[in-house]
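Notes follow the structure.
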Amino acid sequence: MAENDKSTACQRLLTRTGDSESTLNMTITGGQPLPTEPNKYDPSYDGHPLEVVTRPDGSVIERDERNYATVPMTNDGSKAESTQETSRSVVVTRPNGTQVSVSSSAAIPNDPMTFAQLEFLATTEGLEIR
Numbered sequence: 032m033a034e035n036d037k038s039t040a041c042q043r044l045l046t047r048t049g050d051s052e053s054t055l056n057m058t059i060t061g062g063q064p065l066p067t068e069p070n071k072y073d074p075s076y077d078g079h080p081l082e083v084v085t086r087p088d089g090s091v092i093e094r095d096e097r098n099y100a101t102v103p104m105t106n107d108g109s110k111a112e113s114t115q116e117t118s119r120s121v122v123v124t125r126p127n128g129t130q131v132s133v134s135s136s137a138a139i140p141n142d143p144m145t146f147a148q149l150e151f152l153a154t155t156e157g158l159e160i161r
């Protein structure tokens, strides 16, 4: 939990499945409004999130995936190699304002966790700020 912040908790873990390695991030935040589904025909829509689903209990699930490159900083001026990465995320916002964000990122050729695995974690009962 951030210092003096009683509405957010977060955790970062390194995960391994077989030979694949990824980073798992989980954040729980209180007091968040329910997101609305983006208008996919609006010219400002950039394609993210990939999917928005409203569950029968009123919770909203957002699923997204992004591919990007990272370049490490060097202090000695040497040329740093860029790394291609993929990140998947699932964000669940409940009607009571609790938002659970779970993401997994991995450098190619590794794979991040699947949407099903991330959603399983994000929808676990009892994840909330009290």
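Take the sequence shown: its position 22, counted from the start at 1, is 53 in the numbering used here, and no numbers get skipped.
Quick reminder that beta carbons are idealized off the backbone N, C-alpha and C, glycines included.
Would residue i and residue j be called neighbours here (beta carbons separated by less than 7 Å)?
i, j, result
"residue 133", "residue 149", "yes"
"residue 161", "residue 143", "no"
"residue 138", "residue 116", "yes"
"residue 163", "residue 128", "The chain is shown only over 32 to 161; residue 163 falls outside these bounds and no answer can be derived."
"residue 90", "residue 123", "yes"
"residue 92", "residue 158", "no"
Could you have a look at residue i and say whether DSSP puts it in helix, strand or coil?
i, result
"residue 111", "coil"
"residue 52", "strand"
"residue 152", "helix"
Between which residues of its own chain and residue i is the CB-CB distance below 6 Å, once the five residues before and five after are set aside?
i, result
"residue 97", "118"
"residue 44", "55"
"residue 32", "Confidence is the limiting factor: at residue 32 the pLDDT is only 40, short of 50, which leaves the residue's position unreliable and the question unanswerable from this model."
"residue 63", "124, 128 and 130"
Can you list, in chain order, the residues of its chain with a C-beta nearer than 8 Å to that of residue i? Leave out the 5 residues immediately preceding and following it.
i, result
"residue 145", "119"
* Asked: Just checking, does the stretch 67–77 make contact with the stretch 45–59 on the three C-beta pairs under 8 Å criterion?
  -> no
* Mind the definition here: the stretch 82–89 touches the stretch 102–115 only if three or more C-beta pairs lie below 8 Å; say whether that holds. => no
* Asked: What beta strand (DSSP E) runs, 3 residues minimum, are completely inside the stretch 69–119?
  -> 82–85 and 91–101
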